[in-house]
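Residue numbers (the UniProt record's numbering): 1 to 164.
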């Protein structure tokens, strides 16, 4: 193939990829809609069946209410389990050890205290050093992270995966 031919094919390939992506996105959306429509249909059919049983006097009010309450209790349980799954340890970002090695042990400790919201005095008391030493280490941290304040330092450290 000549170089000129390749230049003419690239836009066509990009257009085909865009069409395939749109088709795939529509397919996924329709499958999702169909799945939820079937779930809704099954739920409404079940409720209508229970309603018919109640109004045809084949079921007492207490039984009807217990069944409905149990259905909603189970629905709440499964929905909460589905939407409130805790992040597994594998989902948490790994700490970048190479970047972490750029900081001294004391700077790492101070950065950790900063991430938990400690003041300079509290950090100094916890590490048994003077507040001026804490300020010196923080100044060094700010320079290495290229930030101006504590909040920016913690945010930058998290984005660089130095702390969790």
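Where a beta carbon is used, it is the ideal one built from N, C-alpha and C, also for glycine.
Could you check if residue i is buried or exposed, using at least 16 other CB atoms within 10 Å of its CB as the buried criterion?
i, result
"residue 87", "Residue placement at residue 87 cannot be trusted, given a pLDDT of 49 that sits under 50; what the coordinates show is reported in the next sentence. Result: exposed."
"residue 148", "exposed"
"residue 132", "exposed"
"residue 103", "buried"
"residue 113", "buried"
"residue 75", "exposed"
"residue 33", "exposed"
"residue 145", "buried"
"residue 61", "exposed"
"residue 40", "exposed"
"residue 141", "buried"
"residue 111", "buried"
Where residue i and residue j are concerned, what is the direct C-alpha to C-alpha distance, given to the nearest angstrom?
i, j, result
"residue 73", "residue 161", "41 Å"
"residue 70", "residue 23", "41 Å"
"residue 156", "residue 77", "38 Å"
"residue 115", "residue 164", "9 Å"
"residue 37", "residue 158", "42 Å"
"residue 81", "residue 143", "44 Å"
"residue 126", "residue 85", "35 Å"
"residue 118", "residue 97", "24 Å"
"residue 68", "residue 51", "10 Å"
"residue 100", "residue 122", "23 Å"
"residue 46", "residue 25", "32 Å"
"residue 55", "residue 94", "60 Å"
"residue 49", "residue 35", "21 Å"
"residue 64", "residue 79", "23 Å"
"residue 136", "residue 28", "55 Å"
"residue 1", "residue 107", "Model confidence at residue 1 stands at a pLDDT of 47, short of 50, so the residue's coordinates are unreliable and nothing is read from them."
"residue 120", "residue 105", "17 Å"
From the options, pick the residue whose C-alpha is nearest to that of residue i; which is it?
i, options, result
"residue 124", "31, 68, 115, 134", "134"
"residue 138", "127, 128, 153", "153"
Residue i CB to nearest chain B CB: under 8 Å?
i, result
"residue 137", "Among the protein chains of the structure shown there is no chain B, as only one such chain exists."
- prompt: Mind pulling the alpha helix (DSSP H) runs of 4 or more residues that sit fully within the stretch 43 to 123?
  reply: 61 to 83, 97 to 100, 105 to 115
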